Ligand code: FES
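In our numbering, the protein residues as written are 1 to 105.
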């Protein structure tokens, strides 16, 4: 769900839509918005699983301080999705525990 009409910010302006892939599933996102915002708009709330107790985590602080929102982005683990802008074709994966680097490089 997105806010498309705001009493102070006005109506949603035209922003280019891009496609990103989250755990293999394509979703539409606004170019430049934080990855976490795109995931929340798509109804995705679980971003990672904690290493020790295997509990789900999602967005918490939303300003890049707590690391609850970390995911694996384009093969790089521990990316804070609340402060990382969306780019066309990003591959985003839920992170299990401490994550692993992709073997693709
Ligand atoms: S939600 Fe806290 S760092 Fe992203």
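The beta carbon of each residue, even a glycine, is placed where N, CA and C say it ideally should be.
If you're wondering where the values come from, they're calculated on a predicted model, not measured in any experiment.
With respect to the alpha helix (DSSP H) encompassing residue 40, which residues constitute its N-terminal and C-terminal limits? Sequence index remark: in the chain shown, residue 40 carries index 40 (1-based). Run containing residue 40: 35–41, per the alpha helix (DSSP H) assignment.
Helix, strand or coil: which one does DSSP assign to residue 90? By 1-based counting over the chain shown, the position of residue 90 is 90. Residue state for residue 90 is assigned as coil, using DSSP reduced to three classes.
In chain order, what residues of the same chain lie with their CB nearer than 8 Å to the CB of residue 67, ignoring the 5 residues before and after it? Reading the chain shown from its first residue, position 67 is the one you call residue 67. Only 78 and 80 meet the Cβ criterion.
If you draw a straight line from the alpha carbon of residue 107 to that of residue 87, how long is it in whole angstroms? There is simply no residue 107 to check, as the chain begins at 1 and stops at 105 in what is shown.
Do residue 15 and residue 5 come within 8 Å of each other at the CB atom, strictly closer than that value? Here the question's residue 5 lines up with position 5 in the chain shown. Here the question's residue 15 lines up with position 15 in the chain shown. Going by C-beta atoms, residue 5 is not nearer than 8 Å to residue 15.
Quick one: what does DSSP say residue 10 is sitting in, helix, strand or coil? Within the chain shown, residue 10 is the residue found at index 10, counting from 1. Note: residue 10 maps to strand in three-state DSSP.
For residue 11, is the classification buried or exposed, using 16 other Cβ atoms within 10 angstroms of its Cβ as the cut-off for buried? Within the chain shown, numbered from 1, the residue matching residue 11 stands at position 11. Per the 10 Å Cβ criterion, exposed.
Mind checking whether residue 20 and residue 71 have CB atoms under 8 Å apart? If you number the chain shown from 1, residue 20 lands on position 20. If you number the chain shown from 1, residue 71 lands on position 71. Note that the C-beta distance between residue 20 and residue 71 is not below 8 Å.
Helix, strand or coil for residue 98 per DSSP? As a first step, residue 98 is located in the chain shown; it is residue number 98 there, counting from the start. Reduced to three states, the DSSP call for residue 98 is coil.
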